[in-house]
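Worksheet for the structure shown next.
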Amino acid sequence: MEPAVLRDDMVDSLEHEAKAVVRSEQVGLAMREVPRHEFVDADRAAYADISHQEHGTRVLSPSEAARLLELVDVRPGHSVLVVGVGVGYTAAVLAEIVDGRSVHAVDITRSLVYAARENLAAAGHGEVLVDCRDGADGLPEYAPYDRILLEAAAVRPPPALLDQLAPEGKLVLPQGNATQRLTVIESSGDVEEHGTVAFAPLLVEGEQADAIERNRTAREDREHAERAAQSRHCWEREWIDWDGV
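Structure (C-alpha coordinates):
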(Lines of atoms letter the chains of each structure in order from A and count residues from 1; the text may use other names and numbers.)
(Lines give C-alpha, C1' and ligand atoms only; values in the text may rest on other atoms or scores of the structure.)
Protein backbone atom coordinates (compact mmCIF):
# COMPACT_ATOMS: atom_id res chain seq x y z
CA MET A 1 0.00 0.00 0.00
CA GLU A 2 1.23 3.51 -0.81
CA PRO A 3 2.71 5.46 2.14
CA ALA A 4 0.34 8.37 1.49
CA VAL A 5 -2.64 6.03 1.88
CA LEU A 6 -1.16 4.59 5.07
CA ARG A 7 -0.67 8.11 6.46
CA ASP A 8 -4.26 9.02 5.69
CA ASP A 9 -5.50 5.85 7.40
CA MET A 10 -3.28 6.59 10.42
CA VAL A 11 -4.58 10.14 10.85
CA ASP A 12 -8.19 9.12 10.16
CA SER A 13 -8.00 6.67 13.06
CA LEU A 14 -6.49 9.33 15.35
CA GLU A 15 -9.23 11.81 14.41
CA HIS A 16 -12.22 9.52 14.71
CA GLU A 17 -11.53 7.32 17.71
CA ALA A 18 -13.77 7.71 20.76
CA LYS A 19 -11.03 9.80 22.39
CA ALA A 20 -9.64 11.59 19.35
CA VAL A 21 -6.07 12.86 19.83
CA VAL A 22 -5.87 14.78 16.54
CA ARG A 23 -8.34 17.63 16.94
CA SER A 24 -6.95 20.50 14.88
CA GLU A 25 -6.81 20.75 11.13
CA GLN A 26 -3.19 21.93 11.18
CA VAL A 27 -1.90 18.89 13.09
CA GLY A 28 -3.95 16.50 10.98
CA LEU A 29 -2.74 17.96 7.69
CA ALA A 30 0.89 18.02 8.86
CA MET A 31 0.82 14.38 10.00
CA ARG A 32 -0.67 13.40 6.65
CA GLU A 33 2.32 14.99 4.89
CA VAL A 34 5.27 13.69 6.92
CA PRO A 35 6.61 10.31 5.69
CA ARG A 36 6.86 8.49 9.02
CA HIS A 37 8.64 5.58 7.37
CA GLU A 38 11.74 7.80 7.07
CA PHE A 39 11.95 7.86 10.87
CA VAL A 40 11.16 4.24 11.77
CA ASP A 41 11.80 0.95 10.03
CA ALA A 42 9.06 0.56 7.41
CA ASP A 43 9.11 -3.20 7.91
CA ARG A 44 7.91 -2.68 11.47
CA ALA A 45 4.57 -1.08 10.72
CA ALA A 46 5.68 2.55 10.60
CA TYR A 47 2.08 3.80 10.42
CA ALA A 48 0.59 1.62 13.15
CA ASP A 49 -0.21 3.36 16.42
CA ILE A 50 2.67 1.81 18.32
CA SER A 51 6.00 3.08 19.60
CA HIS A 52 9.31 1.82 18.21
CA GLN A 53 12.90 1.52 19.34
CA GLU A 54 15.32 3.20 16.94
CA HIS A 55 18.97 4.05 17.59
CA GLY A 56 18.58 3.19 21.25
CA THR A 57 15.66 5.54 21.88
CA ARG A 58 11.90 5.16 21.99
CA VAL A 59 10.06 6.75 19.09
CA LEU A 60 6.65 7.95 20.22
CA SER A 61 3.58 6.30 18.77
CA PRO A 62 1.51 8.51 16.44
CA SER A 63 -1.10 9.08 19.16
CA GLU A 64 1.55 10.08 21.71
CA ALA A 65 3.13 12.47 19.23
CA ALA A 66 -0.29 13.93 18.40
CA ARG A 67 -0.98 14.69 22.08
CA LEU A 68 2.22 16.72 22.28
CA LEU A 69 1.63 18.46 18.96
CA GLU A 70 -1.89 19.53 19.91
CA LEU A 71 -0.74 20.92 23.26
CA VAL A 72 2.24 22.81 21.88
CA ASP A 73 -0.26 24.59 19.59
CA VAL A 74 2.13 26.10 17.05
CA ARG A 75 1.06 28.63 14.45
CA PRO A 76 2.72 29.75 11.20
CA GLY A 77 5.35 32.30 12.08
CA HIS A 78 6.20 30.77 15.45
CA SER A 79 9.76 29.92 16.41
CA VAL A 80 9.98 26.47 17.98
CA LEU A 81 12.58 24.56 20.01
CA VAL A 82 12.37 20.76 20.41
CA VAL A 83 14.44 19.41 23.30
CA GLY A 84 15.18 15.70 23.03
CA VAL A 85 14.60 15.49 19.30
CA GLY A 86 15.22 11.74 19.11
CA VAL A 87 14.93 10.53 15.53
CA GLY A 88 13.22 13.77 14.45
CA TYR A 89 9.61 12.82 13.68
CA THR A 90 7.92 15.39 15.91
CA ALA A 91 10.25 18.12 14.61
CA ALA A 92 9.27 17.20 11.05
CA VAL A 93 5.56 17.56 11.78
CA LEU A 94 6.22 20.95 13.41
CA ALA A 95 8.23 21.97 10.33
CA GLU A 96 5.20 21.23 8.16
CA ILE A 97 3.23 23.80 10.17
CA VAL A 98 5.70 26.62 10.81
CA ASP A 99 8.42 26.13 8.12
CA GLY A 100 11.59 24.19 8.82
CA ARG A 101 13.80 27.27 9.22
CA SER A 102 11.74 28.19 12.29
CA VAL A 103 12.27 24.81 13.99
CA HIS A 104 15.36 24.24 16.13
CA ALA A 105 16.16 21.04 17.97
CA VAL A 106 18.72 19.62 20.38
CA ASP A 107 19.62 16.22 21.74
CA ILE A 108 22.37 15.21 24.13
CA THR A 109 23.13 11.95 22.29
CA ARG A 110 25.38 12.58 19.31
CA SER A 111 24.31 9.50 17.35
CA LEU A 112 20.67 10.64 17.60
CA VAL A 113 21.61 14.10 16.34
CA TYR A 114 23.15 12.53 13.22
CA ALA A 115 20.15 10.21 12.77
CA ALA A 116 17.66 13.06 13.15
CA ARG A 117 19.51 15.19 10.60
CA GLU A 118 19.51 12.34 8.07
CA ASN A 119 15.86 11.48 8.70
CA LEU A 120 14.71 15.08 8.44
CA ALA A 121 16.61 15.54 5.18
CA ALA A 122 15.08 12.35 3.76
CA ALA A 123 11.63 13.62 4.77
CA GLY A 124 12.18 16.95 3.01
CA HIS A 125 12.97 19.03 6.09
CA GLY A 126 16.75 19.23 6.06
CA GLU A 127 16.52 22.93 6.94
CA VAL A 128 15.60 22.07 10.56
CA LEU A 129 18.60 22.89 12.74
CA VAL A 130 19.61 19.96 14.99
CA ASP A 131 22.49 20.43 17.43
CA CYS A 132 24.15 18.26 20.08
CA ARG A 133 23.46 20.00 23.39
CA ASP A 134 22.49 19.39 26.99
CA GLY A 135 18.74 19.83 26.72
CA ALA A 136 18.43 21.60 30.06
CA ASP A 137 20.48 24.46 28.59
CA GLY A 138 18.21 24.88 25.57
CA LEU A 139 19.58 26.73 22.55
CA PRO A 140 20.03 30.35 23.63
CA GLU A 141 21.60 31.49 20.33
CA TYR A 142 18.20 31.43 18.60
CA ALA A 143 15.98 32.41 21.53
CA PRO A 144 13.37 33.55 22.26
CA TYR A 145 10.99 30.78 21.22
CA ASP A 146 7.23 30.99 20.94
CA ARG A 147 7.00 27.30 21.76
CA ILE A 148 9.36 24.85 23.47
CA LEU A 149 8.60 21.12 23.46
CA LEU A 150 10.55 18.98 25.92
CA GLU A 151 10.30 15.29 25.01
CA ALA A 152 11.85 14.01 28.23
CA ALA A 153 10.66 14.06 31.82
CA ALA A 154 11.86 16.64 34.32
CA VAL A 155 10.89 17.03 37.97
CA ARG A 156 10.97 20.80 37.49
CA PRO A 157 11.04 22.81 34.25
CA PRO A 158 14.67 23.70 33.46
CA PRO A 159 15.15 27.43 34.25
CA ALA A 160 17.06 28.01 31.00
CA LEU A 161 14.07 26.85 28.97
CA LEU A 162 11.72 29.18 30.81
CA ASP A 163 14.17 32.03 30.23
CA GLN A 164 14.16 31.30 26.48
CA LEU A 165 10.39 31.61 26.12
CA ALA A 166 9.06 34.59 24.20
CA PRO A 167 6.28 36.73 25.69
CA GLU A 168 3.06 34.68 25.45
CA GLY A 169 5.23 31.61 24.87
CA LYS A 170 4.51 28.05 26.04
CA LEU A 171 6.68 25.21 27.34
CA VAL A 172 5.21 21.70 27.07
CA LEU A 173 6.88 18.93 29.08
CA PRO A 174 6.25 15.69 30.97
CA GLN A 175 6.73 16.89 34.56
CA GLY A 176 7.33 14.62 37.50
CA ASN A 177 9.28 11.57 38.54
CA ALA A 178 7.52 8.31 39.34
CA THR A 179 4.26 9.96 38.27
CA GLN A 180 4.50 12.33 35.32
CA ARG A 181 1.85 14.71 34.06
CA LEU A 182 1.86 16.35 30.67
CA THR A 183 2.21 20.00 31.62
CA VAL A 184 1.84 23.30 29.75
CA ILE A 185 3.64 26.27 31.31
CA GLU A 186 3.02 29.72 29.87
CA SER A 187 5.51 32.55 30.08
CA SER A 188 2.92 34.37 32.19
CA GLY A 189 3.31 31.69 34.85
CA ASP A 190 0.00 29.92 34.20
CA VAL A 191 0.21 26.12 34.41
CA GLU A 192 -2.12 23.43 33.06
CA GLU A 193 -1.90 19.66 33.44
CA HIS A 194 -3.22 17.21 30.86
CA GLY A 195 -3.11 13.65 32.10
CA THR A 196 -0.40 11.19 33.00
CA VAL A 197 2.43 10.05 30.71
CA ALA A 198 5.61 7.99 30.96
CA PHE A 199 8.73 9.46 29.37
CA ALA A 200 12.41 8.71 29.87
CA PRO A 201 14.12 11.29 32.11
CA LEU A 202 16.04 14.27 30.76
CA LEU A 203 19.67 13.19 30.62
CA VAL A 204 22.70 15.11 31.84
CA GLU A 205 26.15 15.03 30.28
CA GLY A 206 27.69 11.57 30.69
CA GLU A 207 24.40 9.66 30.83
CA GLN A 208 23.77 9.31 27.11
CA ALA A 209 24.30 5.89 25.59
CA ASP A 210 27.14 6.81 23.24
CA ALA A 211 29.27 8.81 25.68
CA ILE A 212 31.93 8.02 28.23
CA GLU A 213 30.13 8.18 31.53
CA ARG A 214 31.60 10.64 33.98
CA ASN A 215 31.54 10.20 37.73
CA ARG A 216 28.42 11.63 39.27
CA THR A 217 28.65 14.09 42.10
CA ALA A 218 27.47 13.16 45.58
CA ARG A 219 24.37 15.30 45.03
CA GLU A 220 23.53 13.46 41.81
CA ASP A 221 24.02 10.08 43.47
CA ARG A 222 21.64 11.13 46.24
CA GLU A 223 19.03 12.42 43.79
CA HIS A 224 19.21 9.24 41.70
CA ALA A 225 18.75 7.14 44.84
CA GLU A 226 15.77 9.26 45.93
CA ARG A 227 14.12 8.95 42.51
CA ALA A 228 14.65 5.18 42.50
CA ALA A 229 13.14 4.86 45.97
CA GLN A 230 10.11 6.95 45.06
CA SER A 231 9.45 4.84 41.98
CA ARG A 232 9.18 1.60 43.98
CA HIS A 233 5.92 0.21 45.21
CA CYS A 234 5.42 0.09 48.96
CA TRP A 235 6.31 -3.59 49.19
CA GLU A 236 9.56 -3.01 47.28
CA ARG A 237 10.88 -0.31 49.62
CA GLU A 238 13.43 -1.07 52.28
CA TRP A 239 12.20 -1.90 55.77
CA ILE A 240 12.33 0.97 58.22
CA ASP A 241 14.11 0.24 61.48
CA TRP A 242 11.67 2.00 63.77
CA ASP A 243 13.67 1.03 66.87
CA GLY A 244 16.64 2.98 65.52
CA VAL A 245 14.67 6.12 64.68
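Each residue of the sequence shown is one higher than the one before, counting from 839 in the working numbering. Ideal placement from N, C-alpha and C gives every residue a C-beta, glycine not left out. Computed from a prediction, not measured in an experiment: that's the story for all the values here.
Assigned secondary structure, residue i (DSSP; H/G/I helix, E/B strand, else coil)
| i | result |
| --- | --- |
| Val921 | strand |
| Tyr980 | helix |
| Val854 | It should be pointed out that residue 854 corresponds to His in this sequence rather than to Val. Reduced to three states, the DSSP call for His854 is helix. |
| Glu934 | helix |
| Glu1051 | Low confidence applies here, because Glu1051 scores a pLDDT of 44, under 50, leaving its location unreliable; read the following figure in that light. Coil at Glu1051, not helix or strand. |
| Gly962 | coil |
| Gln1018 | strand |
| Pro841 | helix |
Proximity of residue i and residue j at Cβ, strictly below 8 Å
| i | j | result |
| --- | --- | --- |
| Val878 | Val860 | no |
| Leu999 | Leu987 | no |
| Ala943 | Ala961 | no |
| Asp887 | Ser862 | no |
| Glu902 | Asn957 | no |
| Asp969 | Ile946 | no |
| Gln1013 | Pro995 | yes |
| Ala992 | Leu1011 | yes |
Selected residue, minimal CA-CA separation from residue i, among the options
| i | options | result |
| --- | --- | --- |
| Glu1031 | Asp975, Pro914, Leu906 and Leu844 | Leu906 |
| Arg985 | Gly976, Glu934, Ser1026 and Ala1004 | Ala1004 |
| Val872 | His893, Gly964 and Pro997 | Gly964 |
| Glu934 | Leu844, Leu1020, Ser889 and Gln864 | Gln864 |
| Arg845 | Tyr885, Ala992 and Val912 | Tyr885 |
Cβ-Cβ separation, residue j to residue i (assumed contact under 8 Å), whole Å
| i | j | result |
| --- | --- | --- |
| Gly976 | Leu919 | 6 Å |
| Val897 | Gly938 | Not a contact, Cβ separation roughly 20 Å. |
| Val931 | His916 | Between His916 and Val931 the Cβ distance is about 13 Å, and since that is not below 8 Å, they are no contact. |
| Gln1002 | Ala974 | Their Cβ separation, rounded to whole angstroms, is 11 Å, which puts Gln1002 and Ala974 out of contact at 8 Å. |
| Val966 | Ala990 | About 18 Å separates the two Cβ atoms, so there is no contact after all. |
Span separating the alpha-carbon of residue i from that of residue j
| i | j | result |
| --- | --- | --- |
| Glu840 | Thr1034 | 35 Å |
| Glu1051 | Leu1041 | Reliability fails at Glu1051, whose pLDDT of 44 lies under 50, so the model's placement of it is uncertain and no value is given. |
| Gln1018 | Ala959 | 33 Å |
| Glu1086 | Arg874 | No information on residue 1086 is available, as it lies outside the stretch 839 to 1083 that the chain covers here. |
| Val941 | Pro1039 | 23 Å |
| Ser1026 | Gly1007 | 8 Å |
| Lys857 | Ala883 | 22 Å |
| Arg1070 | Asn1015 | The predicted model places Arg1070 with a pLDDT of 46, which falls under 50 and marks its position as unreliable, so this point remains unresolved. |
| Arg870 | His890 | 19 Å |
| Ala842 | Ser949 | 29 Å |
| Tyr983 | Val910 | 12 Å |
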